[in-house]
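Below you'll find the structure, written out as structure tokens, and then a few comments.
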Amino acid sequence: MKPNATNTPLGTQLLLTAIAPLIWGTTYLVTSEWLPAGRPFTAAALRCLPAGLLLLLCFRQWPRRQDWGPLALLSALNIGAFQALLFVAAYRLPGGVAAVLGAIQPLLVMAMAWAMDGRRPRRLALAAGTGGVLSMAALLLAPGAAWDAMGVSAALAGAACMAAGTFLSRHWRIDLPVLPLTGWQLLLGGLMLLPLALWLDPALTQISASEAGAYLYLSLIGTLLSYALWFRGLRLLPPVSVASLGLLSPLCAVLLGWLWLDQGLSPIGALGFLGVLISIALVQRASLSSAAPGTKA
């Protein structure tokens, strides 16, 4: 593969960006096994605020005055609103339903690129994106799965937020290096989540050593490292390419559930798993062949 604008091979850029959703896929296991129950917004705020503060202490760079508006909106789309809606959906829907609805993100990014940049999606990308949704349904949807109206609305709104954040992160060029940009988004998004944590969650009076370790992992690895890699990828790869990599997150969660929690995987589910991987590969082929990495796509 050809090197991109950073003189790093394209395959390496894809692999580095793919690490982010793979890390996010560990969140369900860590949350269900080691975090205190019933405090979703507290967990989200504790993931984001310390990571953002740490990055900004290390990289003390401020946005330009004209960048504050776009930065605040991106922080809401990528972190604040997305995390809040994600947890609402998680509490009201089976995980499979929420993941299937979230799988529409690549299709939404294609629609935004067409509407705002005039970039009509290639038929291969559309077919692969649709196939990814159907494969995710085969993998995760159980017969008789509940479709709570508020949960479905939250899941769709969350997918739209993440898709918009993915597209606009590339559409708007905020004049900050990746790590300070990540720090500001995590800090601002965490501050948006903090009132929800204080208002809706029970007080976190004490935590065990294992719970503290889980919070530390989610903040430093599950948030700081993963979002830095994600936002870096958004600067170097087409938004549709990056959005499709997000489907690796539920795949990782399913694989960990099978390996760690002895959760079953039916033959149809295994075919769905393979179908999602094929969908991701085809979207990469279509999006990367129509837009050179490091250029606006």
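All residue numbers for the sequence shown refer to UniProt numbering, where the first residue is 1 and numbers rise by one.
Using N, Cα and C, we set each Cβ at its ideal position, and we do this for glycine too.
All values reported here derive from a predicted model rather than from experimental measurement.
Original post:
When the Cβ atoms of the segment 266-283 are set against those of the segment 20-38, are three or more pairs found closer than 8 Å?
Top reply: no
Original post:
If we ignore side chains and look at the alpha-carbon of each, how far apart do residue 235 and residue 55 end up?
Top reply: Taking the straight line from one Cα to the other gives about 18 Å.
**OP:** Look at residue 46 and residue 215 and say whether their C-beta atoms are less than 8 Å apart.
**Re:** yes
Subject >> Span separating the alpha-carbon of residue 225 from that of residue 101 >> reply: 26 Å
Original post:
Curious, which full-length alpha helix (DSSP H) runs of at least 4 residues does the UniProt domain "EamA" (14-138) contain?
Top reply: 27-34, 40-58, 68-75, 81-92, 95-102, 105-117
**OP:** Tell me whether residue 239 sits in a helix, a strand or coil according to DSSP, three-state version.
**Re:** helix
Subject >> the segment 228-243 in contact with the segment 103-110 per 3-pair CB rule at 8 Å >> reply: yes
**OP:** Count the C-beta pairs between the segment 250-261 and the segment 13-27 that are closer than 8 Å, then say yes if the count reaches three, no if not.
**Re:** yes
**OP:** Kindly confirm or deny that the segment 65-73 and the segment 194-209 touch, where touching means at least three C-beta pairs closer than 8 Å.
**Re:** Segment contact: the segment 65-73 against the segment 194-209, fewer than three CB-CB distances shorter than 8 Å; contact not assigned.
Original post:
Would you report the Cα separation of residue 59 and residue 230, rounded to the nearest angstrom?
Top reply: 18 Å
**OP:** Taking residue 219 and residue 51 to be in contact with their CB atoms under 8 Å, please state how far apart those CB atoms are, rounded to whole angstroms.
**Re:** 5 Å
Original post:
Should residue 282 be counted as a contact of the ligand HEM given a C-beta to heavy atom distance under 7 Å?
Top reply: Only the bare structure without any ligand can be found here, which leaves the ligand HEM out of the picture.
Original post:
Between the C-alpha atoms of residue 208 and residue 87, what's the straight-line distance to the nearest angstrom?
Top reply: Each residue's alpha carbon lies about 23 Å from the other.
Original post:
Mapping DSSP to helix, strand and coil, what is residue 195?
Top reply: helix
Original post:
Would you call residue 79 buried or exposed, if buried means 16 or more other Cβ atoms sit within 10 Å of its Cβ?
Top reply: buried
Original post:
If you draw a straight line from the alpha carbon of residue 9 to that of residue 93, how long is it in whole angstroms?
Top reply: 40 Å
Original post:
Hey, is residue 124's beta-carbon within less than 8 Å of any beta-carbon in chain C?
Top reply: Within the model displayed, chain C is absent; a lone protein chain is all it includes.
**OP:** Could you spell out the range, first to last residue, of the alpha helix (DSSP H) harbouring residue 157?
**Re:** 149-171
**OP:** Rounded to whole angstroms, what's the CA-CA distance from residue 124 to residue 83? Just pull it up for me.
**Re:** 31 Å
**OP:** Compare the beta carbon distance of residue 129 and residue 283 with 8 Å and say whether it is the shorter of the two.
**Re:** yes
**OP:** Rounded to whole angstroms, what's the CA-CA distance from residue 139 to residue 65? Just pull it up for me.
**Re:** 46 Å
**OP:** If I'm right that residue 120 touches residue 114 with Cβ under 8 Å, what's the distance once you round it to whole angstroms?
**Re:** In this structure residue 120 is in contact with residue 114, their Cβ atoms being roughly 5 Å apart against a cut-off of 8 Å.
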